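To start, the structure under review is shown below, and the notes come after it.
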Amino acid sequence: MKQYLRDKVLASLTLAGCPDSVVPTFEKPKIAEHGDLTTNVAMVASKVLGVPPRKLAQTIVDHLDLDPKRIAGVDIAGPGFINFRFTRDYYQNALAEILASGPSFGRVDVGRRRKTQVEFVSANPTGPLTVGHGRGAVFGDTVSRLLEWANFDVTREYYFNNAGRQMRVLGDSVRLRYLEEIGVPAQAFPEDYYQGEYIREIAQHLKAECGDTLKEEPAEGRFKARAEEEIFENIKGSLKRLGVAFDVFYNEHTLYESGKVQAVIDELKAKGLAYEQEGALWFKTSALGLEKDKVIVKSTGEPTYRLPDIAYHREKFRRGFDLIIDVLGADHIATYPDVLAAVKALGFDDAKVKVLIHQFVTIVQGGEVVKMSTRKANYITLDQLMDEVSADVVRYFFLMRGINSHLNFDLKLAKEQSEENPVYYLQYAYARIASIVRHAGTQTEGRNISRNFSLLREPEELELIKMLITFPDVVASCASAYEPHRLAEYLHDAAGRFHAFYHAHRVVTDDLELMAARMGLCEATKCVLGNGFTILGISAPEKM
RNA sequence: GCGCCUGUAGCUCAAUGGAUAGAGCAUUUGGCUUCGGACCAAAGGGUUGGGGGUUCAAGUCCCUCCAGGCGCACCA
-17 MKQYLRDKVL
-7 ASLTLAGCPD
3 SVVPTFEKPK
13 IAEHGDLTTN
23 VAMVASKVLG
33 VPPRKLAQTI
43 VDHLDLDPKR
53 IAGVDIAGPG
63 FINFRFTRDY
73 YQNALAEILA
83 SGPSFGRVDV
93 GRRRKTQVEF
103 VSANPTGPLT
113 VGHGRGAVFG
123 DTVSRLLEWA
133 NFDVTREYYF
143 NNAGRQMRVL
153 GDSVRLRYLE
163 EIGVPAQAFP
173 EDYYQGEYIR
183 EIAQHLKAEC
193 GDTLKEEPAE
203 GRFKARAEEE
213 IFENIKGSLK
223 RLGVAFDVFY
233 NEHTLYESGK
243 VQAVIDELKA
253 KGLAYEQEGA
263 LWFKTSALGL
273 EKDKVIVKST
283 GEPTYRLPDI
293 AYHREKFRRG
303 FDLIIDVLGA
313 DHIATYPDVL
323 AAVKALGFDD
333 AKVKVLIHQF
343 VTIVQGGEVV
353 KMSTRKANYI
363 TLDQLMDEVS
373 ADVVRYFFLM
383 RGINSHLNFD
393 LKLAKEQSEE
403 NPVYYLQYAY
413 ARIASIVRHA
423 GTQTEGRNIS
433 RNFSLLREPE
443 ELELIKMLIT
453 FPDVVASCAS
463 AYEPHRLAEY
473 LHDAAGRFHA
483 FYHAHRVVTD
493 DLELMAARMG
503 LCEATKCVLG
513 NGFTILGISA
523 PEKM
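Per my numbering, the first sequence runs over residues -17 to 526.
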């Protein structure tokens, strides 16, 4: 419909003497009285043509040649908006299209099978996932689902590092707890070691299996290996519980083994973008418009995180991704400009990299803010959160908000609030329809009643249909903007329209033709809600 | 000190530069002998942190000030 109106308005603009540079855009007005689609083109073009907006709008409307079967009316309103109203026929026909498309209604081709990678979570295996990781996990996963519905070819990837100093400290943390468990006097547990209770549990598992035979075992042997194994299992378990699955787990270490890290060093040196000073190797970011140079290889010979990050992103390009999405927490905000500068310097198009940064989740417990730190173990884990409220609630809670907002989460209230949680509002609408369908089935058994959607002419019915048919547009715009929270809001509105319809009109009545038409409307609503739930990754209950 | 994010109803948050700034919770008032009341209908509640500017049009863009969060390592 947008395309149809665009063509018509464009033709009219040309007749009015408007240059091609002006392209009309259409949007759905917020207020229903303003029609079904509106364009501001008269206001945009008025300056170019030197004609007052309302007068230009009138000229455009006068030249329009519209199909009365689809367009019921055109108005000029406010400072010069042109508002279009669709015919009832148009809506009634659209309902049939929804039912015909069924589980694929809402699939749109924005992506054209573009090869896309979404990298998210990427936590190193040093401890359980926190609520903050949960936000990134839910967001990254849902963006992936959205992009798939918009016909992008998506790979979900988790990047991790199980080497280096942090893992040595992790292994030694387990070793010290183990020595405590078997009663061997050991040094005091250092403050900057991993304090979490899970360390002691891992130590206890080792004791149960090996007794005290690991007394002389080095930290980097069984202790580290076991810690990594158990923690990764725990992380994967949390993700699975949340409905998040990855296609690729990419180990940073392979970048070293395959010489790809060294290759980056060589290339940067060859381009004169790396130099040695005070025993360290520096990346000349100042030559690329950034503030100051950064160390990429320490004087000890160890690389900083920056270097493998660059090598990793270079790999992403070499693996053929056309769109590279990095989902990061706000604490990593400073890390990506260097990486982007580097991939650009290495000859890749940095515009293909889209960095999406989500702000922190602030946990409030009993009115006090809990500072999160894996090392100090005073965090709330994702599992603890999911023990309190269901995965559906967790997902929806994170998805309701834009990622730029710092959101507060009062754990104490989480459970009580979940009783009133908006996710139930959506699921209730779905379950209610399922119930109506069950009930209606008993009334229509053995009869063959045709559906005549022209019987749907009550305001609540038409409002609901209008809502439903915009679903593909919503998917397209949410995918393009990487903003799942707008889909959550849309589904909430759609559920609201359904509840309003339900209260105003009976579906199951003695008028079998009307009943058949309303059943069609119910099924179309169920279809849109169900498809939306699939994208958000929440369940679609037939009963609650 | 520098960079990024934020400041909208009592609380938690929405609002591709568009028309009358919207939801949920909380408060108040109505609505079930019929398809699920985890629902519906309605009311109150706002100088969009302050001040300038750009624009036909600013919560949205620019400048500045105030307040909060996160960063600013030869940690990741």
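Note that the Cβ used here is the ideal one computed from N, Cα and C, for glycine as well.
Because the structure is a prediction, the values reported are computed rather than measured.
Residues bridged to residue i by DSSP?
{"i": "residue 97", "result": "135"}
{"i": "residue 55", "result": "67"}
{"i": "residue 544", "result": "A question about residue 544 goes unanswered here, because the residues of the chain that appear run from -17 up to 526."}
{"i": "residue 338", "result": "309"}
{"i": "residue -13", "result": "According to DSSP, which records beta bridges pairwise, residue -13 is partnered with nothing at all."}
{"i": "residue 276", "result": "265"}
{"i": "residue 232", "result": "141"}
{"i": "residue 259", "result": "262"}
{"i": "residue 392", "result": "346"}
{"i": "residue 285", "result": "279"}
{"i": "residue 363", "result": "112"}
{"i": "residue 19", "result": "66"}
Let me make sure I understand the geometry here. Which of the options has the alpha-carbon closest to that of residue i?
{"i": "residue 10", "options": "236, 455, 315", "result": "455"}
{"i": "residue 55", "options": "66, 266, 45, 62", "result": "66"}
{"i": "residue 164", "options": "178, 186, 171, 170", "result": "186"}
{"i": "residue 191", "options": "205, 469, 308", "result": "205"}
{"i": "residue 183", "options": "487, 198, 161", "result": "161"}
{"i": "residue 58", "options": "518, 269, 15", "result": "15"}
{"i": "residue 340", "options": "300, 467, -7", "result": "467"}
{"i": "residue 269", "options": "482, 472, 323", "result": "323"}
{"i": "residue 506", "options": "453, 230, 440, 457", "result": "453"}
{"i": "residue 284", "options": "8, 147, 36", "result": "147"}
{"i": "residue 76", "options": "-6, 520, 434, 481", "result": "434"}
{"i": "residue 175", "options": "197, 195, 336, 150", "result": "150"}
{"i": "residue 248", "options": "24, 71, 279", "result": "279"}
{"i": "residue 89", "options": "461, 488, 388", "result": "461"}
{"i": "residue 444", "options": "499, 408, 403", "result": "499"}
{"i": "residue 315", "options": "238, 338, 331, 330", "result": "338"}
{"i": "residue 381", "options": "1, 68, 116, 173", "result": "116"}
{"i": "residue 292", "options": "260, 329, 27", "result": "329"}
Roughly how far, in whole angstroms, is the beta-carbon of residue i from the beta-carbon of residue j, given that I think they are within contact range, below 8 Å?
{"i": "residue -10", "j": "residue 31", "result": "About 19 Å separates the two Cβ atoms, so there is no contact after all."}
{"i": "residue 375", "j": "residue 113", "result": "About 13 Å separates the two Cβ atoms, so there is no contact after all."}
{"i": "residue 526", "j": "residue 410", "result": "6 Å"}
{"i": "residue 286", "j": "residue 277", "result": "6 Å"}
{"i": "residue 504", "j": "residue 447", "result": "Not confirmed; about 12 Å, so no contact."}
{"i": "residue 306", "j": "residue 326", "result": "Not really, about 13 Å apart at Cβ, beyond 8 Å."}
{"i": "residue 6", "j": "residue -12", "result": "6 Å"}
Can you tell me whether residue i is buried or exposed? The criterion is at least 16 other CB atoms within 10 Å of its CB, across all chains shown.
{"i": "residue 29", "result": "exposed"}
{"i": "residue 510", "result": "buried"}
{"i": "residue 281", "result": "exposed"}
{"i": "residue 333", "result": "exposed"}
{"i": "residue -14", "result": "exposed"}
{"i": "residue 420", "result": "exposed"}
{"i": "residue 110", "result": "buried"}
{"i": "residue 253", "result": "exposed"}
{"i": "residue 388", "result": "exposed"}
{"i": "residue 308", "result": "buried"}
{"i": "residue 239", "result": "exposed"}
{"i": "residue 93", "result": "buried"}
Taking the straight line between their C-alpha atoms, what separation do you get for residue i and residue j?
{"i": "residue 484", "j": "residue 475", "result": "14 Å"}
{"i": "residue 384", "j": "residue 431", "result": "45 Å"}
{"i": "residue 12", "j": "residue 449", "result": "12 Å"}
{"i": "residue 298", "j": "residue 120", "result": "22 Å"}
{"i": "residue 39", "j": "residue 64", "result": "7 Å"}
{"i": "residue 372", "j": "residue 140", "result": "24 Å"}
{"i": "residue 181", "j": "residue 159", "result": "7 Å"}
{"i": "residue 451", "j": "residue 118", "result": "31 Å"}
{"i": "residue 42", "j": "residue 18", "result": "18 Å"}
{"i": "residue 136", "j": "residue 465", "result": "16 Å"}
{"i": "residue 217", "j": "residue 232", "result": "15 Å"}
{"i": "residue 156", "j": "residue 224", "result": "28 Å"}
{"i": "residue 303", "j": "residue 516", "result": "25 Å"}
{"i": "residue 125", "j": "residue 131", "result": "10 Å"}
{"i": "residue 457", "j": "residue 486", "result": "29 Å"}
{"i": "residue 177", "j": "residue 210", "result": "16 Å"}
{"i": "residue 491", "j": "residue 212", "result": "59 Å"}
{"i": "residue 244", "j": "residue 294", "result": "12 Å"}
{"i": "residue 81", "j": "residue 25", "result": "38 Å"}
{"i": "residue 69", "j": "residue 45", "result": "20 Å"}
Quick check: does the Cβ of residue i come within less than 7 Å of any heavy atom belonging to the ligand FAD?
{"i": "residue 80", "result": "Absence of the ligand FAD from the depicted structure is noted, as is the absence of any ligand whatsoever, leaving it without description."}
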